[in-house]
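To keep things clear, I will list the structure first and then write my remarks on it.
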Amino acid sequence: MRVAAPFSFECRADGWQQYESESWGACRRWIEVLEDQKAARQIDRYECGRVLVYDRAHARDRFGMLIGLMFSKKAKWQNFFAEVSLADAATFEKAWRRALREADNRPHGGTQDVVDA
Numbered sequence: 009m010r011v012a013a014p015f016s017f018e019c020r021a022d023g024w025q026q027y028e029s030e031s032w033g034a035c036r037r038w039i040e041v042l043e044d045q046k047a048a049r050q051i052d053r054y055e056c057g058r059v060l061v062y063d064r065a066h067a068r069d070r071f072g073m074l075i076g077l078m079f080s081k082k083a084k085w086q087n088f089f090a091e092v093s094l095a096d097a098a099t100f101e102k103a104w105r106r107a108l109r110e111a112d113n114r115p116h117g118g119t120q121d122v123v124d125a
């Protein structure tokens, strides 16, 4: 199966990163991939209620980072993620707007950390 960019997907994202956020419990991640086959925007929503957002302008902070993988045109990248579910652009955009309102690491001012851990 081939997946044409741009595309978005949701997945379980436990144990990917060694950051402070690892102690926040299970994470559901939404990723938007553009034509250059790289992630453009990402939402990390933790079971404790914390929400992190990343995009190319705010790619990293002390809590995590925008995933740096190159996504192949073939769907073999799905083998590296658990519980993958493709999402249409409107669904991702709605989730992104909500996440920006709820984000604990709002991307105002680059990589400024806002969350008190």
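Residues in the sequence shown are numbered from 9 upward in steps of one, following this note's numbering. All C-beta atoms, glycine included, are put in the ideal place defined by N, C-alpha and C.
Practice prompt. Identify which residue in Ala34, Ser80, Trp38, Tyr54 has its Cα closest to the Cα of Asp112.
Written response: Tyr54
Discussion item. Between the alpha carbons of Leu94 and Ala47, how many angstroms are there, rounded?
Written reply: 14 angstroms
Item to complete: Go ahead and pull the three-state DSSP assignment for Pro14.
Response: coil
Worksheet item: Whose C-alpha, out of Glu18, Ala107, Ala65, is nearest the C-alpha of Glu40?
Response: The option with the nearest alpha carbon to Glu40 is Glu18.
Worksheet item: Per DSSP, what kind of secondary structure is Lys127 in: helix, strand or coil?
Response: What the structure shows of the chain is the stretch from 9 to 125, and residue 127 is not part of that stretch, so it cannot be assessed.
Practice prompt. Identify which residue in Ala107, Ala21, Ile75 has its Cα closest to the Cα of Cys35.
Written response: Ala21
Worksheet entry | Close Cβ partners of Asp63 (< 8 angstroms) along its chain, the five nearest in sequence each way excluded | Ala48, Arg49, Gln50, Leu74, Pro115
Fill in: Check whether Ala103 and Pro14 have beta carbons under 9 angstroms apart
Not a contact, by the Cβ cut-off of 9 angstroms.
Fill in: Coil, strand or helix - Arg126 by DSSP
Since the first residue of the chain shown is 9 and the last is 125, residue 126 is not available in this structure.
Worksheet item: Can you give the beta carbon distance from Gly76 to Ser29, rounded, assuming they're within the 8 angstroms contact cut?
Response: No, Gly76 and Ser29 are not in contact; Cβ-Cβ is about 16 angstroms, not under 8 angstroms.
Item to complete: Starting from the Cα of Trp38, find the closest Cα among Met78, His66, Val59, Ser31 and give me that residue.
Response: Val59
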